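There are 2 protein chains.
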Amino acid sequence: MAGAPKANAVVGQSGGPTAVINASLVGVIEEASKHPEIETLYGAVHAVAGIVKDEFIDLGKLSADELEQAAASTCAALGSSRDKPDEEYCAKIFDVFKKRNIGYFFYIGGNDSANTAHIINTMAAKADYELRAFHIPKTIDNDLLVTDHCPGFGTAAKFEACALMGDDLDNRALPGVKIDVIMGRHAGFLTAATALGKQRDDDGPHLVYFPERGVSMEKFLGDIEGVYKKLGRCVVAVSEGICDSGGVTWAKKLAEGVESDAHGNIQLSGTGALADFLAGQVKDKLKVKRVRADTFGYLQRSFAGLQSDVDVREARWCGRHAVQYAMEEVSGSVAIKRVAGGKDYKIEIFRTELKNVAEKTKPLPDEFINADGNGITDAFVEYAMPLTGGLPKTCYLGNYPRA
Amino acid sequence: MAGAPKANAVVGQSGGPTAVINASLVGVIEEASKHPEIETLYGAVHAVAGIVKDEFIDLGKLSADELEQAAASTCAALGSSRDKPDEEYCAKIFDVFKKRNIGYFFYIGGNDSANTAHIINTMAAKADYELRAFHIPKTIDNDLLVTDHCPGFGTAAKFEACALMGDDLDNRALPGVKIDVIMGRHAGFLTAATALGKQRDDDGPHLVYFPERGVSMEKFLGDIEGVYKKLGRCVVAVSEGICDSGGVTWAKKLAEGVESDAHGNIQLSGTGALADFLAGQVKDKLKVKRVRADTFGYLQRSFAGLQSDVDVREARWCGRHAVQYAMEEVSGSVAIKRVAGGKDYKIEIFRTELKNVAEKTKPLPDEFINADGNGITDAFVEYAMPLTGGLPKTCYLGNYPRA
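Taken in sequence, the protein lines are chains A and B. So for the first sequence, my numbering puts the first residue at 1; every next one is plus one. So for the second sequence, my numbering puts the first residue at 1001; every next one is plus one.
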């Protein structure tokens, strides 16, 4: 392996924002400043879309205060993009890279972004262009392969847990059926996280439905009826990617002319249609009067001022490690290995090949879903709880002995 | 005025939960323990609905730790109710009050709850039943008369501000038109609070629509088009109670057979219909491709782990003062007076008559709404910011000079 080239570097943030994608950016910036091989570190404004338009800022000019403020701030400070570069698009990227003497490319994103880094890296190799391309994992969906978990998930999991802890108390105060539709596309990790804050036996969510398990409307309504008869109320968390028994998403069945993005993804978020449909079914079929449905929407990935400190720290480490790996290797994706769980929770960071992560998705594992397919297991709590950095305690007095 | 009777007391929590309604409950509990006139303090489980079923817990049995956990916990720890007692209902309440020798009634809630306290108090006087009835203000809508602001609003305002700070950064990262539908029924305070976190000139929400100002679909779409042409994106906050120019709520126009509660209130929350309708209008009429709409729903009043410390403190004071006033007076509603603003923000608490608060609502004052009816004024920021206990700072780098 030849030594790391003396060249400029580009870092970009791609796909849906998270609460800690800026922490990874700051990790790249602070580590890059330590390596004289990296001359100027450019931030690509709006990811690949900005690169082809030659839209960069000089990240070396940020003060230490600005870096700390960035690390604490939600969403992509450089702007993002959902463009999926094809060969022509990549040719434009190379033109800009050559012009600016770019030898390092750091791309923070999900599996689509890992794929983008992979394509650009492969094309660079073919064109004999010396480029070191690294992917830094980021997704609230937590659906990347190889890594134990993804930066961004811990904070989003904390959001879901806090949301359902509050929503369950709200439902205790004013009982009825409450349905919450949760992000996560075709992976159920975030939906599973809604149950992390359960503290009492009868705490909700009482039912949790994952995209990994097809569920018929009959079972869905039957489950709700069972809980409602027992508790006089029922809180349900449903993944936006929930499928019927045949594997077709309910959202797809509902969708009429909905848009899809450049990656062929159907719009699942930013509409209340699925939640309202489900609430209507419960009202009509089960004759429950008070039925409410919320779609948590973009708050789940962007809410300001809420971060898991564990998540922030790990995201920053991932950014730093990407730069360290780039001094030794020509490409890779940064991954997290859990070396101890529970109260001794500890991780190590390692490098994997881009192709191991690109375009692939990891579903919620079977051992995290209960036998009925409508709840989580203790194994999931053990897996996810440390990532949240801890949850608040709540109080409910209505179960206390009557005076 | 005769001295305070030696008797038992009841406290209840009514209407929609807030993040600090339990802080008021704890204020009542800790103050009641100091006054030997109050023998046993009962908590009514599910408010008046629990009283008529004789469902009480003994709040004197809670430990100091339990009290602190309750004060920090969102939602109504005793459970709530939306029942509106009529004469027959009140007769049942008196039966229970007599049986349990209740001489004090503390009711934490909004204007409907103040009215409930007022009715019960009036009926008690007629029946020559010695009862001291006090209302403790609570509503995220902030629409009570007399008081400067309502406990519960400060935290909800913080939630809205943090939500829109994040949502605006999300919209910067992936531009388009984003519409957020905000709670508050027919008062625009919460919707106005969405704009409290604006830090940069081009920060969103760029447009804010209040129930206090009728707006035509033409103006709504024209405003959005104007911002979108200038910035290439637009973030809009819309009150769930938004009306057309004729004063009819858009939700009512959309509603087909929606339920209304015992107070005649139409269901405005817990459905995404209004947001989806507005997004559809923007897509169809303005031909904007990326349009998203979120309805924030019950998260706004129940999210766990988020409190304004100012709000918690004031809510607790209001609870304490209600008990203090009950030692001197036979009825009243607790109210807040602002004696200093800005950095010197300071309040005092005083008593007002129940009838001054019962059933009445306060709209968002004219001086808090801009001339165009689509944004807030500096006066609103000055009014509301101290109540949030402070907001996080965010970071956006995409406006920095190009390198």
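Ideal Cβ positions, reconstructed from N, Cα and C, are used throughout, including at glycine. Treat the numbers as computed from the prediction; the structure is a model and nothing was measured.
Selection A:222, A:61, A:325, A:195 evaluated against residue 282 of chain A yields A:222 as nearest (Cα-Cα). Excluding residues up to 5 positions away in sequence, 1111, 1145 lie with their Cβ nearer than 7 Å to the Cβ of residue 1360 of chain B in the same chain. In the structure shown, residue 1134 of chain B falls within a strand segment according to DSSP collapsed to helix, strand and coil. The beta carbon of residue 1150 of chain B is closer than 7 Å to those of 1137, 1138, 1139, 1142, 1144 in its chain, skipping five residues each way along the sequence. Proximity to residue 44 of chain A across A:97, A:394, A:87 peaks at A:97, based on C-alpha coordinates. The beta strand (DSSP E) runs lying completely inside the stretch 275-348 of chain A and spanning 3 residues or more are 291-295, 331-340, given in chain order. Distance between residue 1085 of chain B and residue 285 of chain A, taken at the CA atoms: about 31 Å.
Secondary structure note for residue 388 of chain A: its alpha helix (DSSP H) is the uninterrupted segment 378-388. When secondary structure is reduced to three states using DSSP, residue 1032 of chain B falls in the helix class. Minimum Cα-Cα distance from residue 40 of chain A among the listed residues A:57, A:277, A:159, A:46 corresponds to A:57. Within the DSSP bridge table, the entry for residue 1239 of chain B names B:1182 as partners.
Residue 127 of chain A counts as exposed, since fewer than 16 other C-beta atoms from the protein chains shown sit within 10 angstroms of its C-beta. The Cβ-Cβ distance between residue 1025 of chain B and residue 1077 of chain B falls below 8 Å.
The C-beta distance from residue 1235 of chain B to residue 1205 of chain B rounds to 5 Å, short enough to fall under 8 Å.
Considering only A:27, A:62, A:33, A:48, the residue with the shortest C-alpha distance to residue 1400 of chain B is A:62. Assigned with DSSP and collapsed to three states, residue 1027 of chain B falls in helix. Within its own chain, the residues whose Cβ lies closer than 8 Å to the Cβ of residue 93 of chain A, once the five positions on either side in sequence are excluded, are 48, 51, 52, 85, 120, listed in chain order. Per DSSP, the continuous beta strand (DSSP E) segment holding residue 13 of chain A begins and ends at 7-13.
Taking 8 Å as the cut-off, the Cβ atoms of residue 1322 of chain B and residue 1020 of chain B do not count as close. Distance from residue 1038 of chain B to residue 1009 of chain B at the Cβ level is roughly 5 Å; contact confirmed, criterion being Cβ atoms closer than 8 Å. For residue 230 of chain A, the closest of A:160, A:351, A:245, A:203 by C-alpha to C-alpha distance is A:203. Proximity of residue 174 of chain A to chain B, defined by a Cβ-Cβ separation below 8 Å, is satisfied.
If you draw a straight line from the Cα of residue 336 of chain A to the Cα of residue 171 of chain A, it comes to about 37 Å. Contacts between residue 402 of chain A and chain B, judged by CB atoms closer than 7 Å, involve 1055, 1056, 1057 in chain order. Of the residues B:1377, B:1066, B:1272, B:1332, the one whose Cα lies closest to the Cα of residue 1357 of chain B is B:1332. Beta-carbon to beta-carbon, residue 1157 of chain B and residue 1207 of chain B are separated by about 19 Å, too far to satisfy the 8 Å threshold.
Below the 7 Å Cβ cutoff, chain B contributes 1395 as neighbours of residue 22 of chain A, in chain order. Interface with chain B (8 Å Cβ-Cβ cutoff): residue 254 of chain A is excluded. A Cβ-Cβ contact shorter than 8 Å links residue 75 of chain A with residue 1166 of chain B. Within the stretch 1145-1176 of chain B, the residues whose Cβ lies closer than 7 Å to some Cβ of chain A are 1162, 1163, 1165, 1166, 1167, 1169, 1170, 1172, 1173, 1174, listed in chain order. For residue 1069 of chain B, the neighbours in chain A by C-beta distance under 9 Å run, in chain order, 393, 394, 395. Judged by DSSP in its simplified three-state form, residue 177 of chain A adopts strand. Non-local beta-carbon contacts of residue 1338 of chain B in its own chain, meaning distances under 6 Å to residues more than five positions away in sequence, involve 1148, 1347 in chain order. Close CB contacts of residue 1213 of chain B within its chain, under the 6 Å cut and outside five residues either way in sequence, are with 1373 (chain order). Within the same chain, Cβ atoms closer than 6 Å to the Cβ of residue 1294 of chain B are found at 1180, the five residues on either side in sequence being excluded. Of all residues in the stretch 71-89 of chain A, only 71, 72, 73, 74, 75, 76, 77, 78, 79, 80, 81, 82 place a beta-carbon less than 9 Å from a beta-carbon of chain B.
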